[in-house]
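These notes concern the structure reproduced below.
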Amino acid sequence: MERLTPQAIIDSFVEELGDGFFAGSVYEREVAVKKNKFRSLWVEVKKGAFRHAVEHICRLQKYPHLAIISSSDLGAEVELIYHFTIYYGHHLEELSLGLRVKLPKSDLKIPTITDLIPGALFTERETQEMMGVEVVGIPDKRRLFLPEDFPEGVYPWRKDEKGPPNDMLRVLPGREQK
Amino acid sequence: MIQEETKKATYTIPVGPIHPALKEPIRLALSVDGEEIVDVDIFAGQVHRGIEWLGMNRNNPVQSIYLAERICGICNICHPFAFVMAVEHAAGITPPPRAEYIRTITAEMERIHSHLLWAGVAAHEIGFDTVFYLAWRVREEIMDLIEYVTGNRITKAMFQIGGVRRDITEEQFPRIRQSLDYYKSIFDQLKRVFLDDRTIRMRTKNVGVLKREDALKLLTVGPSARASGVPKDVRQDQPYAAYADLDIKAMTPDMVTGTVVGDVYDRIIVRLLEVKQAIEIIEQCLEKMPPGPILAQPKTAVLLKTLTQVEGEGIGRAEAPRGEVIHYVRMEAGQSTLATWKVRAPTYVNLMSVPTILKGMQIADVPITFASLDPCMSCTNRVVVTDRAIGRRSVMDYEELHRLSVEKTKELPR
C-alpha cells in the first residue's frame with residue numbers, strides 16, 4: 001500500500017470526513033546526532049464522525065496498531081485520544097497518530113471499535129471503569145482492573161464529583177489531605 | 001440447548017492470583033475438556049498501586065520520574081525513558097546528544113539482563129533447572145556492569161527531564177567492553193543450550209502458537225509479535241534517542257530457522273538474537289558517543305518552574321524488553337502535577353493474546369506458554385487502588401496483615 005506523507009494523511013481525513021473533521025496538526029522533532037525526524041500526527045474529529053475516522057485509519061493501514069486510549073477530564077467534557085501507530089515494520093517510516101474526540105459530560109458515550117480492532121477491548125474496558133465513558137456495543141462489559149466491590153458510579157480518573165471522594169483515599173502518615 | 005450441554009461438560013480450573021507456576025499475581029480461569037484447554041478468561045488488577053493517579057494528583061513531574069521507575073522492577077529504564085520523552089515532547093525540551101547515547105546504553109543493558117532473566121524463568125517453567133541456574137549465573141555479569149555504570153542493580157535513577165543524571169566517562173569504557181566481550185564469548189554456547197537441546201525443543205516447538213494475523217489483530221507487541229513474524233520494533237520504526245543514529249533491524253525468527261511458526265521456540269530465538277543485538281548497539285554507542293553536557297537544565301528548581309508553566313501534551317514511546325511502552329502526558333499551566341498521565345506497558349496488550357495461544361493446549365503447557373510472553377503484571381496493573389471501599393474493607397492493608405501475622409505467631413504452641 002502506498003504510504004502517504006503526514007500532511008497528505010491529514011488532507012485525506014479532511015476529504016473523507018468533511019464536516020466531521022475538526023482539526024489536524026503534524027508534530028516533528030529532530031532526534032540525536034543525525035537529526036532524523038520523530039513525527040506524530042494529531043487529528044481531532046467530531047463525535048459523530050468518530051467511527052468513520054477509525055474506518056479510514058483501517059484503510060490507511062491494514063491492522064493499525066492501537067496503543068492505548070487516553071482520557072482527560074476537561075471540566076465540561078471528557079477528551080479521549082486513541083493513540084494509533086501506522087506504517088510500522090519499516091525503518092523510520094512509522095507515524096504516531098492521535099485521534100482525538102471530545103464528549104460532553106451530559107452524553108458520555110462512544111461506539112466500540114472492537115469489531116474493527118479486536119485488541120481494543122482491554123483499553124475500552126479500562127476507559128469505561130476509570131472515566132465513566134460508556135462504550136456502546138462493547139462485547140465484554142466487565143471491569144478490567146478495579147475490584148468487584150469497588151463502588152458503582154465512582155470513576156478514579158474524573159476530577160469532578162464522580163472522582164474518588166476524600167474518605168476513600170488513605171493519607172500516608174506524616175502527610176496532609178490535599 | 002445442545003450447546004448448553006457441551007458447555008456443562010467443560011470444567012473450570014482457576015489458576016492464580018498467586019500460583020507457583022506464575023511469577024506474578026494474575027488469575028486465569030481455564031475451561032478444560034479433559035486435558036485440553038477450550039477457553040481462558042483473564043482477571044487482572046491484583047497489583048494496582050494507583051501510580052497514574054499519584055502522578056495526576058500528588059507528584060510533580062520530576063518526582064513522577066522516580067515513580068515511573070518503580071512501575072516495574074525489571075523495566076526500570078524503559079518506563080522513565082518513555083515518561084521523560086513524553087514530558088520533553090510536551091514542554092519542548094531537547095536533551096543533549098550525549099544524554100541520548102547514555103540513555104540508549106542503559107536501555108540496552110536492561111534488555112540483556114531482562115532477556116537472560118526470562119531465559120532462566122522459561123527453563124525453570126519446563127523443569128530444566130540446570131539451565132535456569134546457568135542463565136541466571138550468566139546474568140550476574142550484566143547486573144555487575146549495570147551497578148558499575150549506574151551505581152545500582154535496579155532502580156538506577158539515571159533519568160532526568162532533559163537528560164540523564166550520571167555521565168559515562170572514557171575511563172569506564174574498558175570495563176563495559178570487558179562485560180560485552182564476555183557475552184560475545186559465551187553467546188554461541190547459550191545459543192546451543194537454548195536452541196539445540198532436545199528437551200527444550202520438545203517442550204517449546206509448536207507450543208503456544210500465535211499466528212501473524214492474530215498477533216496483528218490483538219495488537220501484540222515486542223518479542224512476542226516479532227516471533228510471529230511482525231517486524232514491529234519502535235527502535236526500528238520510529239527511532240528515539242540514539243537509536244535514530246543507528247540502523248536497527250527488528251529481529252524475527254526466520255533469520256535463524258528460515259520460517260516463522262510463532263511458537264515458544266521462536267520467542268526464544270528472538271530474545272537470543274536481541275541479546276546479541278543489544279551488545280552490538282552498546283558497542284556502537286560507545287564508539288559514536290558525542291562529547292558535551294548531559295543535561296539541558298542542570299538546576300532542578302529551574303526545571304520545575306519551567307514545567308509548571310508548560311501547556312501542552314506529548315507522547316513518549318520506547319521499546320522495552322517486552323515490547324513497546326507508551327506514555328501520554330498532558331500538562332496545564334499553573335498546575336504542579338500532570339493533568340493526565342497514561343501509561344501503556346507491553347503486557348497490557350500482550351495479555352489479550354493469552355486466550356488465543358492457550359486454546360487447544362494441555363494444562364501442563366500453561367506455565368511455559370504463559371511465561372513465553374514474558375508477562376509483567378506490575379506493569380499492567382498500576383492504575384488505582386482504593387484501600388477501603390466505603391463502609392467495608394475491600395483490600396487488606398499492610399497493617400491489618402501485619403496484625404494477623406503477629407496474632408498467629410502468638411498463637412503458636414510454645
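Chains as they are written, first to last, in the working numbering: chain W, 1 to 178; chain R, 1 to 414.
Even glycine gets a Cβ: it sits at the ideal position worked out from N, Cα and C.
Everything numeric in this text was worked out from a predicted model, so none of it was measured.
Residue i and residue j: beta carbons closer than 8 Å?
i: Asn76 (chain R); j: Thr150 (chain R); result: no
i: Thr10 (chain R); j: Asp33 (chain R); result: yes
i: Ile146 (chain R); j: Leu286 (chain R); result: no
i: Arg271 (chain R); j: Trp53 (chain R); result: no
i: Gln128 (chain W); j: Ile113 (chain W); result: no
i: Gly24 (chain W); j: Gly48 (chain W); result: no
i: Ala364 (chain R); j: Ala122 (chain R); result: no
i: Gly208 (chain R); j: Val131 (chain R); result: no
i: Lys109 (chain W); j: Glu126 (chain W); result: no
i: Pro111 (chain W); j: Val136 (chain W); result: yes
i: Ala478 (chain R); j: Tyr66 (chain R); result: This structure does not reach residue 478 (chain R), given that chain R is present from 1 up to 414, and the question cannot be answered.
i: Leu146 (chain W); j: Ala44 (chain R); result: no
i: Gln284 (chain R); j: Glu35 (chain R); result: no
i: Phe81 (chain R); j: Phe159 (chain R); result: yes
i: Val354 (chain R); j: Ile18 (chain R); result: no
i: Pro290 (chain R); j: Arg98 (chain R); result: yes
i: Gly153 (chain W); j: Lys141 (chain W); result: no
i: Val234 (chain R); j: Arg212 (chain R); result: no
i: Ile74 (chain R); j: Cys376 (chain R); result: yes
i: Lys184 (chain R); j: Ile279 (chain R); result: yes
i: Arg58 (chain R); j: Thr337 (chain R); result: yes
Please list, in chain order, the chain C residues whose beta carbon lies closer than 7 Å to that of residue i.
i: Tyr66 (chain R); result: The structure shown contains no chain C; its protein chains are W and R.
How close, in whole Å, do the beta carbons of residue i and residue j come, if the pair is a contact with beta carbons under 8 Å?
i: Arg268 (chain R); j: Thr204 (chain R); result: Note on identity: in this sequence residue 268 (chain R) is Ile, with Arg being the wrong assignment. Their Cβ separation, rounded to whole angstroms, is 6 Å, which keeps Ile268 (chain R) and Thr204 (chain R) in contact under 8 Å.
i: Val261 (chain R); j: His115 (chain R); result: About 20 Å; that fails the 8 Å criterion.
i: Gly98 (chain W); j: Ile81 (chain W); result: 5 Å
i: Asp238 (chain R); j: Arg317 (chain R); result: Here residue 238 (chain R) turns out to be Gln, not Asp, going by the sequence shown. With a Cβ gap of about 6 Å, Gln238 (chain R) and Arg317 (chain R) count as contacting.
i: Tyr88 (chain W); j: His65 (chain W); result: 6 Å
i: Ser40 (chain W); j: Ser96 (chain W); result: 4 Å
i: Lys217 (chain R); j: Tyr63 (chain W); result: 7 Å
i: Arg158 (chain W); j: Gly174 (chain W); result: The Cβ separation is near 28 Å, so there is no contact.
i: Val101 (chain W); j: Phe50 (chain W); result: 5 Å
i: Glu88 (chain R); j: Pro367 (chain R); result: Not quite, the Cβ-Cβ distance comes to about 40 Å (not below 8 Å), so this is no contact.
i: Phe128 (chain R); j: Ile186 (chain R); result: 18 Å between Cβ atoms; not a contact.
i: Ala90 (chain R); j: Gly312 (chain R); result: 4 Å
i: Pro346 (chain R); j: Gly323 (chain R); result: 3 Å
i: Glu44 (chain W); j: Phe22 (chain W); result: 4 Å
Relative to the ligand COA, is the shortest distance from any of its heavy atoms to the C-beta of residue i smaller than 7 Å?
i: Leu116 (chain W); result: Summarising the ligand content, the structure contains no ligands, and the ligand COA is consequently not present.
Original post:
Between the stretch 66 to 80 of chain W and the stretch 324 to 343 of chain R, do three or more beta carbon pairs fall short of 8 Å?
Top reply: Yes, they touch.
**OP:** Report the residues of the stretch 73 to 106 of chain R with a CB closer than 8 Å to any CB of chain W, ordered along the chain.
**Re:** Taking 8 Å as the upper bound on Cβ-Cβ separation, chain W lies near residues His89, Thr94, Pro97, Glu100, Tyr101 of the stretch 73 to 106 of chain R.
Original post:
Which residues, in order along the stretch 207 to 229 of chain R, keep a beta-carbon less than 7 Å from a beta-carbon of chain W?
Top reply: Of all residues in the stretch 207 to 229 of chain R, those with a C-beta nearer than 7 Å to a C-beta of chain W are Leu216, Lys217, Leu218, Leu219, reading in chain order.
**OP:** Could you say if the stretch 27 to 39 of chain W and the stretch 242 to 249 of chain R meet the contact criterion of at least three C-beta pairs nearer than 8 Å?
**Re:** yes
Subject >> Members of the stretch 57 to 78 of chain W that neighbour chain R once the beta carbon cut-off is set at 7 Å >> reply: Within the stretch 57 to 78 of chain W, contact with chain R at the beta-carbon level (separation under 7 Å) is assigned to Tyr63, His65, Leu66, Ala67, Ile68, Ser70, Ser72.
Subject >> Proximal residues, the stretch 337 to 350 of chain R versus chain W, C-beta separation under 7 Å >> reply: Ala339, Thr340, Lys342, Arg344, Tyr348, Val349
Original post:
What residue ranges within the stretch 28 to 85 of chain W form continuous beta strand (DSSP E) runs of no fewer than 3 residues, ordered along the chain?
Top reply: DSSP runs (the beta strand (DSSP E)) wholly in the stretch 28 to 85 of chain W: 36 to 45, 65 to 73.
Original post:
In chain order, which continuous runs of the alpha helix (DSSP H) of length 4 or greater are located wholly inside the stretch 194 to 260 of chain R?
Top reply: 198 to 204, 212 to 217, 222 to 227, 234 to 237, 254 to 257
Original post:
Okay, do the stretch 40 to 54 of chain R and the stretch 282 to 301 of chain R touch, 3+ Cβ pairs below 8 Å being the bar?
Top reply: Touching, no, given that fewer than three Cβ pairs across the two stretches are closer than 8 Å.
Original post:
Between the stretch 107 to 124 of chain W and chain R, which residues of the former have a C-beta closer than 9 Å to a C-beta of the latter?
Top reply: Ile117, Pro118, Gly119, Ala120, Leu121, Phe122, Thr123
Original post:
Can at least three beta-carbon pairs, one atom from the stretch 342 to 350 of chain R and one from the stretch 212 to 232 of chain R, be found at a separation below 8 Å?
Top reply: yes
Subject >> Stretch-stretch touch, CB-based, cutoff 8 Å, three pairs: the stretch 127 to 141 of chain R with the stretch 90 to 103 of chain R >> reply: no
Original post:
Which full runs of the alpha helix (DSSP H) of 4+ residues lie inside the stretch 13 to 73 of chain R, going along the chain?
Top reply: 51 to 57, 61 to 69
Subject >> Contact list for the stretch 306 to 323 of chain R against chain W, Cβ threshold 9 Å >> reply: Glu313, Gly314, Ile315, Arg317
Original post:
When you check each C-beta in the stretch 6 to 35 of chain W against every C-beta of chain R, which residues fall closer than 9 Å?
Top reply: Residues Tyr27, Arg29, Glu30, Val31, Ala32, Val33, Lys34, Lys35.
Subject >> Short-range partners of chain W found in the stretch 133 to 153 of chain R, where Cβ spacing is below 8 Å >> reply: none
**OP:** Can you give me, in chain order, the residues of the stretch 134 to 164 of chain W that have a beta carbon less than 7 Å from any beta carbon in chain R?
**Re:** Leu144, Phe145, Leu146, Pro147, Asp149, Phe150, Pro151, Pro156, Pro164
Original post:
Which residues, in order along the stretch 78 to 92 of chain W, keep a beta-carbon less than 9 Å from a beta-carbon of chain R?
Top reply: Glu79, Ile81, His83, Thr85, Tyr87, Tyr88, Gly89, His90, His91, Leu92
Subject >> Start-end ranges of the alpha helix (DSSP H) lying completely within the stretch 298 to 341 of chain R, minimum 4 residues >> reply: Whole alpha helix (DSSP H) segments, 4+ residues: 300 to 308.
Original post:
What residues from the stretch 277 to 292 of chain R come within 9 Å of chain W, judged by C-beta to C-beta, listed N to C?
Top reply: Against chain W - using a Cβ distance shorter than 9 Å - the residues of the stretch 277 to 292 of chain R are Lys288, Pro290.
Subject >> 4-residue-minimum alpha helix (DSSP H) runs that sit fully inside the stretch 336 to 377 of chain R, ordered along the chain >> reply: Runs found: 346 to 350, 354 to 358, 366 to 372.
Original post:
Which residues, taken in chain order from the stretch 263 to 278 of chain R, show a beta carbon closer than 9 Å to some beta carbon of chain W?
Top reply: none
**OP:** Give, in chain order, every residue of the stretch 44 to 55 of chain R whose Cβ lies closer than 7 Å to some Cβ of chain W.
**Re:** Those would be Ala44, Gly45, His48, Trp53, in chain order.
Original post:
Going along the chain, which residues of the stretch 356 to 369 of chain R sit with their C-beta nearer than 8 Å to a C-beta in chain W?
Top reply: none
Original post:
Residue ranges of each alpha helix (DSSP H) run of no fewer than 4 residues wholly in the stretch 67 to 132 of chain R, ordered along the chain?
Top reply: 78 to 91, 97 to 125
Original post:
Taking only runs of the beta strand (DSSP E) that begin and end inside the stretch 82 to 125 of chain W, which ones reach a length of at least 3 residues, in chain order?
Top reply: 95 to 104, 109 to 111
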